[in-house]
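Read the structure below first, then the notes.
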Amino acid sequence: MKKVTGIGGILFKSKDPNAMNDWYKTHLGLETSPYGTSFEWRESEDPSKKGLTQWAPFSETTKYFEPSAKDFMINYRVENLEALAEELKKENVTILDTIETYDYGKFLHILDLEGNKIQLWEPID
Numbered sequence: 001m002k003k004v005t006g007i008g009g010i011l012f013k014s015k016d017p018n019a020m021n022d023w024y025k026t027h028l029g030l031e032t033s034p035y036g037t038s039f040e041w042r043e044s045e046d047p048s049k050k051g052l053t054q055w056a057p058f059s060e061t062t063k064y065f066e067p068s069a070k071d072f073m074i075n076y077r078v079e080n081l082e083a084l085a086e087e088l089k090k091e092n093v094t095i096l097d098t099i100e101t102y103d104y105g106k107f108l109h110i111l112d113l114e115g116n117k118i119q120l121w122e123p124i125d
């Protein structure tokens with residue numbers, strides 16, 4: 001079973017997310033919104049399939065990254081999140097919540113060996 005298929009996003013804390021979006025837009029040409037930006041790419045095995053990687057600054061006071069003390073969270077793209085969650089439970093990986101489903105995919109949060117919060121995402125591409 002494939003587990004991680006790519007990086008789904010880089011999420012990080014910022015003193016002023018709006019100013020950060022503006023800086024990256026002005027100086028590096030990112031087409032930002034209040035949610036950051038998405039980078040579109042194509043799968044190498046099937047170029048007809050598109051994928052997205054999200055880049056998003058969050059407020060430095062966000063609680064979203066807790067219980068991790070880090071100022072960032074990596075989102076990994078996965079296949080079959082339900083099966084992966086069951087496998088991770090058997091391997092005694094700390095699972096922080098239940099799978100949530102949105103129009104753009106399913107999400108689950110876990111902790112790695114050093115307590116970094118990781119977001120797992122099964123996208124609907």
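To convert, note that position 72 of the sequence shown is 72 in full-length UniProt numbering; the numbers rise steadily by one, no gaps.
Note that CB positions come from ideal geometry on N, CA and C, so glycine has one too.
All figures in this text were calculated on a predicted structure; none of them were measured in a lab.
- Membership of lysine 63 in any beta strand (DSSP E) is not indicated, and neither H nor E is assigned to it by DSSP.
- Per DSSP, the beta bridge partners of glycine 51 are Trp41.
- Of the residues Pro67, Thr53 and Leu96, the one whose Cα lies closest to the Cα of asparagine 75 is Thr53.
- Leucine 108 is positioned such that its CB atom lies no closer than 9 angstroms to that of threonine 94.
- The closest CA to that of valine 78, considering only Gly51, Pro17 and Glu66, is found on Gly51.
- The C-alpha of glycine 9 is placed about 8 angstroms away from the C-alpha of alanine 56.
- In this chain, the alpha helix (DSSP H) harbouring lysine 89 covers 81 to 90.
- Inter-segment contact for the stretch 58 to 71 and the stretch 9 to 27 is present: three or more beta-carbon pairs are separated by less than 8 angstroms.
- Shown here, proline 17 sits in a helix according to DSSP, grouped into three states.
- Counting C-beta atoms within 10 angstroms of its own C-beta, leucine 113 has fewer than 16 neighbours from the protein chains shown and is therefore classed as exposed.
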